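**Student:** Below is the structure I would like to discuss, written out as structure tokens.
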Ligand code: G
Ligand code: G
Ligand code: MN
Ligand code: NA
């Protein structure tokens, strides 16, 4: 069966599930939030990672119903977690086409109401392209921010990122793309991204925005980032994304 058709069937059968990756306080190692990351539980293939089907769904309108399902499932799970962890947040990735839907803010409002969630509890991860791509994403970003949801600017530094846009987006977090964290200690002749990361932290703080470093895989990276004032750490060194029952809650630390 063609992949697109298989994904339509998978949506009808609700064959998707969410894994969660901790985002921890750089200073204390406590879990502040969890990023929801979708997987497809294929009856024959097993767990399919999003890299295999999200691009196709983003190219069709399939991302819209999938995105709505992800929002609702993340909100449902968050309501359960917040009974014991009242400060916990979950952040959800929002695709450009999803953010461009006229009814996007209404869908978000409905999900918050259904689960009686504080809007501050649910974060939305948006990319620069989604917000500034001229598709109406900027209006919807303003609308959901107006509902009280915090926004995270995702994958910053992976494309043609612009610092000036930080001031034009009501974002609480800047997520530095893992490509910049990865080359942090690149050996010569590759040029290290360390000065860029330090400058981004400084600029973000000037704009009143907290910084999340993505893709932290080694304790030395965490120690450097902490020294530079980075607020939050995410990456395999802390934890891989995991099913709710398999999550380890820390606190974590760079040793
Ligand atoms: O887990 P992995 O590295 O394979 O994720 C690949 C990409 O899929 C990441 O860029 C991530 O943002 C994206 N992704 C994961 N879950 C979702 C989701 O629920 N919605 C959207 N739009 N993208 C997602
Ligand atoms: O684009 P987005 O930031 O949403 O992508 C998140 C993806 O990055 C997830 O699919 C997750 O599996 C992946 N990821 C998270 N931490 C690490 C890490 O430390 N190293 C690498 N290589 N990938 C990571
Ligand atoms: Mn993300
Ligand atoms: Na990212």
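In full-length UniProt numbering, the protein residues as written are 548 to 802.
Positions of the beta carbon are idealized from the N, C-alpha and C atoms, including for glycine.
Only a predicted model underlies this, so the values are computations on that prediction, with no experimental measurement involved.
(1) Are the beta-carbon atoms belonging to residue 704 and residue 643 less than 8 Å from one another?
(2) Check whether the Cβ of residue 764 sits closer than 7 Å to any heavy atom of ligand 3, and report yes or no.
(3) How is the beta strand (DSSP E) around residue 796 delimited, first residue to last?
(4) Going along the chain, which residues put their C-beta within less than 5 Å of some heavy atom in ligand 3?
(5) Helix, strand or coil for residue 755, going by three-state DSSP, please let me know.
(6) From what residue to what residue does the alpha helix (DSSP H) around residue 602 run?
(7) Identify which residue in 757, 715, 672 and 570 has its Cα closest to the Cα of residue 783.
(8) Confirm, please, whether the CB-CB distance from residue 695 to residue 667 is below 8 Å.
(9) Can you tell me the Cβ-Cβ gap for residue 688 and residue 678, rounded? I've got them flagged as a contact below 8 Å.
(10) Since residue 621 sits in a beta bridge, which residues does DSSP pair it with?
(11) Whose C-beta lies closer than 7 Å to the C-beta of residue 664 among residues of the same chain, with five residues either side of it excluded?
(12) For a test of the three-state rule: what should DSSP assign to residue 666, helix, strand or coil?
(13) In chain order, what residues of the same chain have a beta carbon less than 8 Å from the beta carbon of residue 757, not counting five sequence neighbours either side?
(14) For residue 570, report the span of its alpha helix (DSSP H) as first-last.
(15) Can you tell me whether residue 711 is buried or exposed, with buried defined as 16 or more other CB within 10 angstroms of its CB?
(16) Only counting runs of 4 or more residues, tell me where the alpha helix (DSSP H) segments fall wholly within the stretch 717-777, in order along the chain.
(17) Taking buried to mean at least 16 other C-beta atoms within 10 Å of its own C-beta, is residue 608 buried or exposed?
(18) For the stretch 783-795 against the stretch 758-774, do three or more pairs of beta-carbon atoms, one drawn from each stretch, fall closer than 8 Å, so that the two count as touching?
(19) Indicate the three-state DSSP secondary structure (helix, strand or coil) for residue 661 in the structure shown.
**Tutor:** Once the coordinates are examined:
(1) By the CB criterion at 8 Å, residue 704 and residue 643 fall outside the cutoff.
(2) Placement of the Cβ of residue 764 at a distance of 7 Å or more from every heavy atom of ligand 3 is found.
(3) If you look at residue 796, you'll find it isn't in any beta strand (DSSP E); DSSP assigns it neither H nor E.
(4) That query returns the following residues: 640, 672 and 701.
(5) Of the three classes helix, strand and coil, the one that applies to residue 755 here is coil, per DSSP.
(6) From DSSP, the alpha helix (DSSP H) with residue 602 extends over 601-605.
(7) Checking every option, the nearest Cα to that of residue 783 belongs to 570.
(8) Against a cut-off of 8 Å, the Cβ pair of residue 695 and residue 667 comes out as a contact.
(9) At roughly 5 Å, the Cβ-Cβ gap stays under 8 Å, so residue 688 and residue 678 are in contact.
(10) BP columns for residue 621 are empty, so no partner.
(11) Contacts found: 622, 625 and 626.
(12) In this structure, DSSP gives residue 666 a helical state, which the three-state scheme calls helix.
(13) Around residue 757: 719, 720, 721, 751, 778 and 779.
(14) Secondary structure note for residue 570: it is in no alpha helix (DSSP H), and the uninterrupted beta strand (DSSP E) holding it is 563-572.
(15) Classification of residue 711: exposed, given that the 10 Å Cβ count is below 16.
(16) List check, alpha helix (DSSP H) in window: 725-729, 741-753 and 766-774.
(17) Sixteen is the threshold: since fewer than 16 other Cβ atoms of the shown chains lie within 10 Å of the Cβ of residue 608, the residue is exposed.
(18) Two segments are said to touch when three or more pairs of C-beta atoms, one from each, lie closer than 8 Å; by this definition the stretch 783-795 touches the stretch 758-774.
(19) Helix at residue 661.
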